[in-house]
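Input: a single structure, listed below in structure tokens.
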Amino acid sequence: MHPTVLQIGSLAIRSYGLMLAIGFFGGILFAAWRAKKDGENPDHIYNLSIWGVISSLIGARLYYVLIHFNEFEADENLSFVYRIFIMLKNIFWPVSSEGQIGISGLVLYGGLILATISVVIYLYIHKLNVPRFMDYIAPSLGLGEFFTRIGCFLNGCCFGKPTDSMFGMVFPGHSAAGMYYPGMHIHPAQLYNAFAGLFIFIALIYLERYKKFYGFTSLLYFIFYSMGRFIIDYSRYYESHITFFRLSHNQIVSLFIIVISTSLLIYFITKTSLNNKNSIQK
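Residue numbering for the sequence shown follows my numbering, beginning at 16 and increasing consecutively.
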């Protein structure tokens, strides 16, 4: 693994942060280009990205807290107000007790959900076409997933369970994966997710030629991403043992998103077909 790309004195450029930045800025530029090509002001995409980043970080953190709540509970002997203060500090304060800067403990699904909600609110407030702009953004999410998960792989985090399959890899002992499973072959779940993101990016661009209504591309994204996440999660290791019918928390969320997105897709395809049929008859 290569968690650090470049080290200059105490300044270190982390591979995960670098890949995250490449995916983020690359995704924004691509979405802005798509909007401009369609006659829209690309500045809306740049403004949306600010909302998206802030809300995704908050959502990713809150999702993690929800499934690891016991890590943030304060001493019961403290007053109620002070306990709340300590909990909020532990949740959002970016400096650890060891002096390290950064918030560890984020869940991508939480970020995706809250970012989607905040983007929809922004578009609604500014009286912009919500499905249209969501379609501009959708392929970029797959591209961002690809680069981010490559960063996870280089960092040695977000790893999989032990396996005897041909895909198994042994991670270095200094990585999180290597410390949990020293010398053992485990699923490179990060790469599974990375190539799933790349597939989604390519598939959405290709399938847009069959697009009949705004919202088509973004609904396909939610379906493809959730299906991929549901399948890959069978190979993924989680510290949290919260399950429901032997499904992880992410798989449960995936099922909800698949059902809702597929239902909406079928509804709008049917509605568009009926409208076209009625127009022809007239």
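Each residue gets a CB set at the ideal place from its N, CA and C atoms; glycine is no exception.
Computed from a predicted model, the values in this text were never measured in an experiment.
Do S233 and M149 have their C-beta atoms closer together than 8 Å? Walking along the sequence shown from the start, residue 233 turns up at place 218. Walking along the sequence shown from the start, residue 149 turns up at place 134. In contact: S233 and M149 (Cβ atoms closer than 8 Å).
So what's F259 in DSSP terms, helix, strand or just coil? Here residue 259 refers to the residue found at position 244 when the sequence shown is read from its first residue. Here F259 sits in strand by DSSP.
Say whether the region 173-180 touches the region 139-157, bearing in mind that this needs 3 or more beta-carbon pairs closer than 8 Å, one atom from each stretch. With the cut-off at 8 Å, the region 173-180 and the region 139-157 do not touch.
Of all the options F260, F162, M194 and A204, which has the alpha carbon lying nearest to the alpha carbon of S180? As a first step, residue 180 is located in the sequence shown; it is residue number 165 there, counting from the start. Ranking the options by Cα distance to S180, first place goes to A204.
Assuming T19 is part of the beta strand (DSSP E), what are its boundary residues? In the sequence shown, counting from the first residue as 1, residue 19 sits at position 4. Run containing T19: T19 to I23, per the beta strand (DSSP E) assignment.
If we call anything under 8 Å between Cβ atoms a contact, is I247 one with Y207? Numbered from 1 along the sequence shown, position 232 holds the residue referred to as residue 247. Numbered from 1 along the sequence shown, position 192 holds the residue referred to as residue 207. Pairing I247 with Y207 gives a Cβ-Cβ distance under 8 Å.
Beta-carbon proximity list for G32, same chain, < 8 Å, skipping 5 on both sides: Within the sequence shown, residue 32 is the residue found at index 17, counting from 1. Closer than 8 Å at Cβ, skipping near neighbours: G166.
Can you tell me which of M199, L26, H141 and G38 puts its alpha carbon nearest to the alpha carbon of F182? Residue mapping note: residue 182 aligns to position 167 of the sequence shown, counting from 1. Comparing Cα-Cα distances from F182 to each of M199, L26, H141 and G38, the minimum goes to M199.
Taking 8 Å as the cut-off, decide whether the C-beta atoms of Y253 and S263 are in contact. For the purposes of this step, residue 253 is taken as the residue at position 238 of the sequence shown. For the purposes of this step, residue 263 is taken as the residue at position 248 of the sequence shown. Against a cut-off of 8 Å, the Cβ pair of S263 and Y253 comes out as a contact.
Give me, in chain order, the residues of the same chain whose beta-carbon lies closer than 6 Å to that of N291; leave out the 5 immediate sequence neighbours on both sides. In the sequence shown, residue 291 corresponds to position 276, counting from 1. Counting only Cβ-Cβ distances below 6 Å, and skipping sequence neighbours, we find nothing.
Out of curiosity, what's the CA-to-CA distance linking Y137 and S288? Looking up residue 137 in the sequence shown gives position 122. Looking up residue 288 in the sequence shown gives position 273. Roughly 30 Å separates the two Cα atoms.
Shortest alpha-carbon distance to F237 belongs to which of K227, I273 and R261? Here the question's residue 237 lines up with position 222 in the sequence shown. Checking every option, the nearest Cα to that of F237 belongs to I273.
Contact check, S71 vs G126 under 8 Å by CB: the rounded distance? Counting from 1 along the sequence shown, the entry for residue 71 is found at position 56. Counting from 1 along the sequence shown, the entry for residue 126 is found at position 111. 3 Å between Cβ atoms; contact.
Under the three-state reduction of DSSP, which class applies to H264: helix, strand or coil? For this step, residue 264 is matched to residue 249 along the sequence shown. Helix.
If we count the other Cβ atoms within 10 Å of its Cβ and call it buried at 16 or more, is I132 buried or exposed? For the purposes of this step, residue 132 is taken as residue 117 along the sequence shown, with counting starting at 1. Burial call: exposed.
Take R49 and list the residues in its own chain whose beta-carbon comes closer than 7 Å to its own, dropping the five residues that flank it on each side. The residue labelled residue 49 in the question sits at position 34 within the sequence shown. Excluding residues within five positions, the ones whose Cβ falls inside 7 Å are Y151.
Start and end residues, beta strand (DSSP E) containing R147: Reading the sequence shown from its first residue, position 132 is the one you call residue 147. No beta strand (DSSP E) contains R147, which is instead part of the alpha helix (DSSP H) from V145 to N170.
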